[in-house]
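Start counting the sequence shown at 503; every next residue gets the next number (the numbering used here).
For each residue, glycine too, the CB sits at the ideal point set by N, CA and C.
Source: prediction; values computed, not measured.
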Amino acid sequence: MDIKASRTLYMDYEGDTDTPTKDDFTIVIPTLNEEEAIGPVIEELLNEGFYDILMVDGYSSDNTVQIAQKYDINILTQHGKGKTGALKTAIEHVRKPYIIIMDGDYTYPTEDIEKFIPHMPHYNEIIGARSNGRGHIPALNRLGNWVINKSFNLFFSASLTDVCSGLYALNTQFARDLILVTQGFDVEVEIAAQATKTGKITEIPIRYRERLGIQKLQPFRDGMKIMLTIFKWARILNPVVFFSFLLGLSLFPALLLLLWIAIEWFHGVWHSGLSLVAVLITILANQAITFSFLSSQQRKIEQQLNNNKK
Numbered sequence: 503m504d505i506k507a508s509r510t511l512y513m514d515y516e517g518d519t520d521t522p523t524k525d526d527f528t529i530v531i532p533t534l535n536e537e538e539a540i541g542p543v544i545e546e547l548l549n550e551g552f553y554d555i556l557m558v559d560g561y562s563s564d565n566t567v568q569i570a571q572k573y574d575i576n577i578l579t580q581h582g583k584g585k586t587g588a589l590k591t592a593i594e595h596v597r598k599p600y601i602i603i604m605d606g607d608y609t610y611p612t613e614d615i616e617k618f619i620p621h622m623p624h625y626n627e628i629i630g631a632r633s634n635g636r637g638h639i640p641a642l643n644r645l646g647n648w649v650i651n652k653s654f655n656l657f658f659s660a661s662l663t664d665v666c667s668g669l670y671a672l673n674t675q676f677a678r679d680l681i682l683v684t685q686g687f688d689v690e691v692e693i694a695a696q697a698t699k700t701g702k703i704t705e706i707p708i709r710y711r712e713r714l715g716i717q718k719l720q721p722f723r724d725g726m727k728i729m730l731t732i733f734k735w736a737r738i739l740n741p742v743v744f745f746s747f748l749l750g751l752s753l754f755p756a757l758l759l760l761l762w763i764a765i766e767w768f769h770g771v772w773h774s775g776l777s778l779v780a781v782l783i784t785i786l787a788n789q790a791i792t793f794s795f796l797s798s799q800q801r802k803i804e805q806q807l808n809n810n811k812k
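Structure, rendered in structure tokens:
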């Protein structure tokens with residue numbers, strides 16, 4: 503592993519976490535072939551007063567690392583695959599109480615990072631929700647984000663608007679306890695699912711800019727991976743809602759079967775056995791959907807009560 507690191511990166515940090523400042527944060531930038539953007543990103547961070555910067559490179563084949571080496575920042579070469587490998591590498595080395603993770607493609611204005619600071623003592627994760635500049639997100643990606651957010655909120659009883667944002671803050675101790683097994687862009691969903699379980703997750707509005715360089719996300723491939731990750735963690739962390747929802751899906755074939763039976767009856771053919779089966783499936787599916795909704799609402803109430811106690 504190639505390392506260019508200051509001593510503070512490896513020393514235990516003993517700052518005051520009750521009143522966080524910029525010095526309480528390590529800015530982590532996972533990179534892979536971001537030679538066009540990495541320089542402007544680092545310069546903006548330094549100009550904003552964020553000096554503890556850790557770039558974790560995923561074996562770039564361009565000049566990303568050479569450009570970053572011109573600045574007084576810490577550079578690591580990641581182990582493991584994909585963005586997940588970069589984050590796991592970073593978490594192993596961060597010693598500050600809080601971590602800001604941001605993409606190195608220039609899409610996230612660094613001045614928005616200050617919005618995270620006063621809220622960090624109260625949350626395990628704060629997501630930067632891209633509320634301004636969404637026009638810079640391709641239309642297909644925006645549609646995919648909408649589906650992903652709705653699915654995530656359904657299965658995790660959440661109310662997030664941008665779970666796939668590439669700018670978010672983590673409590674370092676929480677980050678060290680994360681179970682990260684994905685390899686790609688679905689790592690954000692994996693982190694948010696575990697943060698939602700603790701009830702200590704929120705969002706703040708941020709801006710979004712046009713990226714510098716070539717987009718690496720592939721909407722269909724990566725979108726499917728993200729949805730599968732949502733299903734996996736819903737099964738693990740919220741099995742009641744997950745399996746109730748799956749059972750509720752049987753309502754659609756049951757209704758189609760009832761429609762077919764009604765058409766057959768109109769033509770003088772009556773399927774008594776199939777009718778009974780279709781009715782029973784419809785009743786069971788409706789009960790499952792109702793139970794899933796009630797369980798989701800109960801989970802939200804429990805999270806609110808836990809937050810009020812803390």
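Would you grab the beta carbon distance between residue i and residue j for me? Rounded to a whole angstrom, and I think it's under 8 Å.
i: residue 706; j: residue 660; result: Not a contact, Cβ separation roughly 15 Å.
i: residue 665; j: residue 694; result: 5 Å
i: residue 646; j: residue 770; result: Wrong, their Cβ atoms sit about 48 Å apart, outside the cutoff.
i: residue 721; j: residue 642; result: 5 Å
i: residue 729; j: residue 629; result: About 18 Å separates the two Cβ atoms, so there is no contact after all.
i: residue 567; j: residue 577; result: 7 Å
i: residue 685; j: residue 551; result: Not a contact, Cβ separation roughly 34 Å.
i: residue 709; j: residue 611; result: 5 Å
Evaluate residue i with the Cβ neighbour count: other Cβ atoms within 10 Å of its Cβ, from every protein chain shown; 16 or more gives buried, anything less gives exposed.
i: residue 648; result: exposed
i: residue 839; result: Outside the shown range of the chain, which is 503 to 812, sits residue 839, and nothing can be said about it.
i: residue 512; result: Any reading at residue 512 must be qualified, since the residue scores a pLDDT of 32, below 50, and its modelled position is unreliable; the value itself is stated next. Residue 512 is exposed by the Cβ-count criterion.
i: residue 668; result: buried
i: residue 688; result: buried
i: residue 549; result: exposed
i: residue 768; result: exposed
i: residue 683; result: exposed
i: residue 735; result: buried
i: residue 817; result: For the chain, the structure presents residues 503 to 812; residue 817 sits outside this window and is missing.
i: residue 754; result: exposed
i: residue 765; result: exposed
i: residue 504; result: Its pLDDT being 44, under 50, residue 504 is placed unreliably by the model, and nothing is read from it.
i: residue 778; result: exposed
i: residue 785; result: exposed
i: residue 675; result: exposed
i: residue 483; result: A query on residue 483 cannot be resolved here, the shown segment of the chain reaching from 503 to 812 and no further.
Start and end of the alpha helix (DSSP H) containing residue i?
i: residue 559; result: Run containing residue 559: none in the alpha helix (DSSP H); it sits in the beta strand (DSSP E), 555-559.
i: residue 586; result: 584-595
i: residue 647; result: 641-658
i: residue 700; result: 689-700
i: residue 567; result: 566-570
i: residue 772; result: Here residue 772 belongs to no alpha helix (DSSP H), and DSSP marks it neither H nor E.
i: residue 724; result: 721-739
Residue range of the beta strand (DSSP E) that residue i falls in?
i: residue 530; result: 527-533
i: residue 708; result: 703-709
i: residue 626; result: Here residue 626 belongs to no beta strand (DSSP E), and DSSP marks it neither H nor E.
i: residue 669; result: 669-673
i: residue 579; result: 576-579
i: residue 544; result: Segment 540-549 is the alpha helix (DSSP H) holding residue 544; no beta strand (DSSP E) there.
i: residue 601; result: 600-604
If the criterion is Cβ atoms closer than 9 Å, does the pair residue i and residue j meet it?
i: residue 739; j: residue 702; result: no
i: residue 555; j: residue 593; result: no
i: residue 538; j: residue 758; result: no
i: residue 638; j: residue 723; result: no
i: residue 621; j: residue 731; result: no
i: residue 783; j: residue 672; result: no
i: residue 613; j: residue 670; result: no
i: residue 527; j: residue 590; result: no
i: residue 570; j: residue 532; result: no
i: residue 623; j: residue 522; result: yes
i: residue 692; j: residue 680; result: yes
i: residue 535; j: residue 727; result: no
i: residue 520; j: residue 553; result: no
Does any residue of chain C have a CB that is nearer than 9 Å to the CB of residue i?
i: residue 581; result: Reference to chain C is not applicable here, since this structure consists of a single protein chain.
How about residue i: is its Cβ closer than 8 Å to a heavy atom in the ligand FAD?
i: residue 548; result: Looking for the ligand FAD in the displayed structure turns up nothing, as the structure carries no ligands at all.
Inter-stretch contact at 8 Å, needing at least 3 Cβ pairs: the stretch 560-573 / the stretch 616-624
no
Are at least three pairs of beta-carbons, each pair with one atom in the stretch 604-612 and one in the stretch 536-544, less than 8 Å apart?
Contact between the stretch 604-612 and the stretch 536-544 is present, with at least three C-beta pairs closer than 8 Å.
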